[in-house]
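Here the structure comes first, spelled out in structure tokens, and everything after it is commentary.
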């Protein structure tokens, strides 16, 4: 689920973001905590010292509404004692704080053990010694002067207003997670993770008709530095509108968006019925997230999320059968936490497991789930798949979605060639409204731009489009996937799960794909 | 199984009015800006989560934060901190002043307000503030008794918090409030996975929460939901239980004048302006806010220092008031009107049983799920039914039915009101905010497709 974004943490001077945590000091502190936990009877312990920086720049039209730098620093300690988990966290990152917090975590585990339940079965994990990982980036966004970032957003807004927009909002959101992980397995892992998300919404009003339309940016949140905002022609996908791979041209996109918001006001309202859907990666990522990413989360399958996020139709018996047909043979979907530039990419997860890539759906068949160390044995794995994540030092880590992506088609196929063979279809670009049931069967998605395809040609823009489908029927209707030339990532900063809810960032890759005979509804309503 | 324990070294518990006033005075004494506002908030409480009939996580959380806004002309900067020694207090003020000097002038900036008197809120309950990990565990045990006896599986969440907020500015304004809140939700399922039930409760006063009876309601939904039949989607008369109605209406409870004036709201008028004064909904619909409602007490002051009083938003279907920020009010030449701190929808006397009896053909909806905006212009929403859906014929529940997806606007829905029941405090299943909303019987609710989800 995606709740709204909120700013949290404490403001800091930008210069402070440049000084990384000292790994040597962190190792000493972590050892103090691990020893304290062991001396109190823990059979396993891990320590996460985390420093989380965010920067938000929020503008509308010619105004800057907010510039905020925030910081949050502290440590979370998790232990197993008497067969149960215990967790405690503090922002007192001193030797004394480490000891006290480790002891508290052990006390919590022991108290919990009295309630009973099956002992934790932790998949073995080798220690890696002292290792480090950093998001490959060319330009740290926190080092770019605030003025330069403000100017870019205000220039973006200026283009929209000159182009006839009535309103425009643009934002830039930077994230830096500095995480030091240590465990009794002998790992000391220092990681420096960066993410960036530029976005805008442009609004055009038709006061006479009492109507308004918006067009959101075709950018994506990514696991990159500020270089994402340096346009590069080779990273553009041209066509009915320009889309972006690893570099985003915000000034070009706002210009197109302003025109398209106006075109949407005048566009033909869709005739409901069955259509062949050509879905761009800027749209399809969200359908993948909701209909493939979530139902393959093992904790949902087992029932741990029943009261909030829900369960899953992909029950263990379907996986065990070895022949559960999830989609057509064109459908190959992988989980991957190693993909450079993605939101989920890290070197090691939040319980010290080196990140990897594995198949979830192979040639249309369900072959695997997403699991962490204490779940691996349930699906017969000897080691974790490295899907453990916590949104901060003060929240406990649990199973979160890795990047889940549709693999490109193996036969050369361009979007133009795909469209040529569509008789009656709709081409959707950008994500819009989204909703799916608690077991992930029935979904409905909107979009940003809808183009009508007739007899192999795009004939104009449509409006009021949403499609509804059953997950399995939808993926079985997948007839073609374009080749790797069209492959792009989409994603979100704010995937919500758990009670209390935690937020996680995740990417989903795809090439444009064709789905046959999908049910399209018209969403236009009149009120009073 | 996993227990969470959090401890913050900044834990100073809940400050009383005098302590908060004294701390804020000290913060302001460091200010060199033309205007300065300091606010402090704290929260103390805990939670317990369970799944598969066993506790999965539990935690105690205590946090406090200070926020300072410094202003030079129209240039404002904000900084926050969670350390409270003198050096830290001075540092956060200096930081806010530095940020203010770096910020471009904001033409929408409004000067801070001077001193005012605010009524004491009734949002605090001592029994709720006294909850402990043990008392939470006991309440969960009472819930689990029900599901274990009925051979069902429960997953649930219980959370309580005591909070305080205080604000002071260099023009002499000071306000303080303290409150408590507890929410409980439980999902019950049968072993075969063919039926599911749900109950949710939210209170200021913990003594009103009965987890045993709430879980019984959820369990009963499961027991009566086995063997659900598929029906054709389409337009049906529906009876929405309060937890379903609350979630459906939540996105409508923003009565913002600026969005409406700008032409991008369901409250925008064709040709320009707002729908203030117009008959928007059925005359049976009246919606207001009242900080002094005993069942749903709210804040008595807004974040920008305005008093919150009983305010009518929809009176017999007519849009009576819209909220105006201080900037927008000045631009439009009207008085500022802060948004609601709670929402109360009036109802009638009908019970759900009465509504069923008077229904020839209809559907009883227990809960809605994953509601998202499809079109902000008409407020068209989509989402699904969940945890108990029943077909009604000739005044009786005939059989359980499979879940539907709906596409419906609360504005259209509240023009099709047949009957309203007695309002009850109910929580939104996504935001966990509490509202007072009646059960409602509505004509022509649009279900658009079937879902296999249980």
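Chains as they are written, first to last, in this note's numbering: chain A, 1 to 528; chain B, 529 to 982.
Where is the CB? At the ideal position from N, CA and C, for every residue including glycine.
Roughly how many angstroms separate the alpha carbons of residue i and residue j, rounded to a whole number?
i: residue 775 of chain B; j: residue 159 of chain A; result: 38 Å
i: residue 38 of chain A; j: residue 44 of chain A; result: 7 Å
i: residue 701 of chain B; j: residue 832 of chain B; result: 10 Å
i: residue 3 of chain A; j: residue 904 of chain B; result: Because residue 3 of chain A carries a pLDDT of 45, less than 50, the predicted location of this residue cannot be relied on, and no value is offered for it.
i: residue 733 of chain B; j: residue 651 of chain B; result: 9 Å
i: residue 705 of chain B; j: residue 571 of chain B; result: 12 Å
i: residue 827 of chain B; j: residue 839 of chain B; result: 13 Å
i: residue 283 of chain A; j: residue 960 of chain B; result: 30 Å
i: residue 615 of chain B; j: residue 58 of chain A; result: 30 Å
i: residue 127 of chain A; j: residue 481 of chain A; result: 40 Å
i: residue 986 of chain B; j: residue 642 of chain B; result: This structure cannot speak to residue 986 of chain B, because chain B is shown only from 529 to 982.
i: residue 270 of chain A; j: residue 747 of chain B; result: 43 Å
i: residue 699 of chain B; j: residue 53 of chain A; result: 33 Å
Please compile the residues from chain B whose C-beta is within a distance smaller than 9 Å of the C-beta of residue i.
i: residue 301 of chain A; result: Chain B residues near residue 301 of chain A: none, gap ~11 Å exceeds 9 Å.
i: residue 307 of chain A; result: 577, 578, 579, 682, 683, 684, 685, 713, 714, 715 and 726
i: residue 523 of chain A; result: 902, 903, 906, 908, 910 and 935
State the DSSP-derived secondary structure class of residue i, mapped to helix, strand or coil.
i: residue 525 of chain B; result: Since the first residue of chain B shown is 529 and the last is 982, residue 525 of chain B is not available in this structure.
i: residue 249 of chain A; result: coil
i: residue 401 of chain A; result: coil
i: residue 135 of chain A; result: coil
i: residue 536 of chain B; result: Summary for residue 536 of chain B: the model assigns pLDDT 41, below 50, so the residue's position carries little reliability; its value from the coordinates is reported in the next sentence. DSSP places residue 536 of chain B in coil when its eight states are reduced to three.
i: residue 821 of chain B; result: coil
i: residue 194 of chain A; result: strand
i: residue 108 of chain A; result: helix
i: residue 546 of chain B; result: helix
i: residue 153 of chain A; result: helix
i: residue 362 of chain A; result: strand
Please list the partners that residue i has in chain B, where partner means a Cβ-to-Cβ separation under 7 Å.
i: residue 499 of chain A; result: 577 and 685
i: residue 32 of chain A; result: None at all; the shortest Cβ gap to chain B is about 16 Å.
i: residue 446 of chain A; result: 902
Taking C-beta pairs closer than 8 Å, name the residues in chain B that residue i reaches, listed in chain order.
i: residue 526 of chain A; result: 906
i: residue 304 of chain A; result: 579, 580, 584 and 683
i: residue 456 of chain A; result: Those do not exist, as residue 456 of chain A stays about 29 Å from chain B at its closest Cβ, beyond 8 Å.
Quick one, are the C-beta atoms of residue i and residue j less than 8 Å apart?
i: residue 964 of chain B; j: residue 823 of chain B; result: yes
i: residue 649 of chain B; j: residue 825 of chain B; result: yes
i: residue 106 of chain A; j: residue 42 of chain A; result: yes
i: residue 872 of chain B; j: residue 938 of chain B; result: no
i: residue 912 of chain B; j: residue 483 of chain A; result: no
i: residue 901 of chain B; j: residue 433 of chain A; result: yes
i: residue 135 of chain A; j: residue 208 of chain A; result: no
i: residue 341 of chain A; j: residue 246 of chain A; result: yes
i: residue 917 of chain B; j: residue 931 of chain B; result: yes
i: residue 672 of chain B; j: residue 716 of chain B; result: no
So which residues on chain A does residue i lean against when the C-beta distance must stay under 8 Å?
i: residue 901 of chain B; result: 433
i: residue 898 of chain B; result: 1, 435, 436, 437 and 438
i: residue 707 of chain B; result: Correct list: empty, because the minimum Cβ distance to chain A is about 18 Å.
i: residue 799 of chain B; result: 207, 208 and 210
Strictly below 7 Å CB to CB, what residues from chain A border residue i?
i: residue 808 of chain B; result: 528
i: residue 664 of chain B; result: Within chain A, no residue comes near residue 664 of chain B; the closest Cβ sits about 13 Å away, beyond 7 Å.
i: residue 796 of chain B; result: 210
i: residue 914 of chain B; result: 438
Show which residues of chain A have a CB atom less than 9 Å away from the CB atom of residue i.
i: residue 551 of chain B; result: Neighbours of residue 551 of chain B on chain A: none; closest Cβ ~17 Å, over 9 Å.
Given a limit of 9 Å on CB to CB distance, which residues of the region 42–67 of chain A reach chain B? 62, 63, 64, 65, 66 and 67
Scan the region 427–443 of chain A for residues whose Cβ lies nearer than 7 Å to a Cβ of chain B and list them as they occur along the chain. 433, 434, 435, 436, 437, 438, 439, 441 and 442
Residues, ordered as in the chain, of the region 199–229 of chain A that lie near chain B by beta-carbon distance below 9 Å: 203, 205, 206, 207, 208, 209, 210, 211, 212, 213 and 214
Using a Cβ cut-off of 7 Å, which residues of the region 630–646 of chain B contact any Cβ in chain A, in chain order? Answer in chain order: 630, 631, 632, 634, 635 and 636.
Interfacial residues, the region 464–483 of chain A to chain B, with Cβ spacing under 8 Å: 464, 466, 468 and 470
Compile a chain-ordered list of the residues in the region 969–981 of chain B whose CB is closer than 8 Å to at least one CB of chain A. 976, 977, 978, 979, 980 and 981
Chain B contacts from the region 145–177 of chain A (Cβ-Cβ distance under 9 Å): Correct list: 146, 147, 150, 154, 166 and 167.
Short-range partners of chain A found in the region 926–952 of chain B, where Cβ spacing is below 8 Å: 931, 933, 935, 937, 939, 940 and 943
Interface positions of the region 232–262 of chain A facing chain B (Cβ-Cβ less than 8 Å), listed along the chain: none
Could you please tell me which residues of the region 779–793 of chain B, in chain order, have their CB closer than 7 Å to any CB of chain A? Of all residues in the region 779–793 of chain B, the ones placed with a Cβ closer than 7 Å to any Cβ belonging to chain A are 790, 791 and 792, in chain order.
Mind listing which residues of the region 322–351 of chain A have their C-beta closer than 7 Å to chain B's C-betas, in chain order? Look at the region 322–351 of chain A: it has no residue with a C-beta under 7 Å from a C-beta of chain B.
Near-chain B residues of the region 377–407 of chain A (beta-carbon distance less than 7 Å), N- to C-terminal order: 394 and 396
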